[in-house]
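Colleague:
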Amino acid sequence: MKRKIDLIRVQASPLSPSRGRLTVGGISYPCVLGRSGIATTKREGDGVTPRAVLPLRGLFQRLDRAPRIRCDLPFRAIGPEDAWCDDVGDRRYNRLIRRPREQNAEERLARGDRLYDVIVPLGWNDAPIVKGKGSAIFWHVCRENGTPTAGCVAVTPEVFRKVLPRLSRHAVMVVT
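All residue numbers for the sequence shown refer to this note's numbering, where the first residue is 70 and numbers rise by one.
1) Can you tell me the Cα-Cα spacing of T245 and A219, whole angstroms?
2) To which residues of the same chain is V117 closer than 6 Å at the C-beta, ignoring the five residues directly before and after it?
3) Identify whether D227 lies in helix, strand or coil by the three-state DSSP scheme.
4) Just reading off the beta strand (DSSP E) that S237 is part of, what are its end residues?
5) To the nearest angstrom, report how far apart I265 and D133 are at their CA atoms.
6) Assign P301 to buried or exposed, taking buried as 16 or more other Cβ atoms, counted over all protein chains shown, within 10 Å of its Cβ.
7) Kindly confirm or deny that the stretch 192–200 and the stretch 167–183 touch, where touching means at least three C-beta pairs closer than 8 Å.
8) At which residue ranges does the stretch 138–220 contain complete alpha helix (DSSP H) runs of 4 or more residues, listed in the order of the chain?
9) I need the straight-line Cα distance from G192 to R90, nearest angstrom please.
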């Protein structure tokens, strides 16, 4: 059995700050970054992908859209009430919350588009949580047209299917 991979590297392209390369086990894939590129300082809503070592906190997936991707990360099926709190005035800031469909949610996970069909929450501003330092840094599916994210790292669904099964439970993403 092959040894699981513990390290994912993400680097911005020299040609575009919102484009980059995600490298796993010596194989490199294109990725999309935040509209403001990579930076060491991060604030809520700034569009920055944080330069940091980011633990992979788990795998969230829409099982109504595709079969479960097998991997060693803790798994959660995305439900219609799942959301992520990005309201700095809320005591649940930067946490998974449940919101009935009819209520507005800051960052609803069961979206109409495919961006959150696969989500890996990254360990940013979660130990401890500092309000305003940025929430919901995800590794998720990119838009078909490759437009920048709000600060997340995004790849095609095919990259997820290739990479996730190869990762160890303790894998980290290093954004440089």
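Every residue gets a Cβ at the ideal spot worked out from N, C-alpha and C, and that includes glycine.
Modeller: So, to answer that:
1) Position 176 of the sequence shown holds residue 245. Position 150 of the sequence shown holds residue 219. Taking the straight line joining both Cα atoms gives about 17 Å.
2) The residue labelled residue 117 in the question sits at position 48 within the sequence shown. The answer, listed in chain order, is G103, S105, A108, K111, G220.
3) Sequence index remark: in the sequence shown, residue 227 carries index 158 (1-based). Note that residue 227 corresponds to Glu in the displayed sequence, not to Asp. DSSP places E227 within a helical segment (H, G or I) once states are collapsed to three.
4) Residue numbering aside, residue 237 sits at position 168 when the sequence shown is read from its first letter. Secondary structure note for S237: its beta strand (DSSP E) is the uninterrupted segment 236–244.
5) The structure shown has nothing for residue 265, since the chain only spans 70 to 245.
6) Outside the modelled stretch of the chain, which goes from 70 to 245, sits residue 301, for which no answer is possible.
7) Touching, no.
8) Considered as a whole, the stretch 138–220 harbours no complete run of any alpha helix (DSSP H) with no fewer than 4 residues.
9) Residue numbering aside, residue 192 sits at position 123 when the sequence shown is read from its first letter. Residue numbering aside, residue 90 sits at position 21 when the sequence shown is read from its first letter. Between G192 and R90, the C-alpha separation is close to 20 Å.
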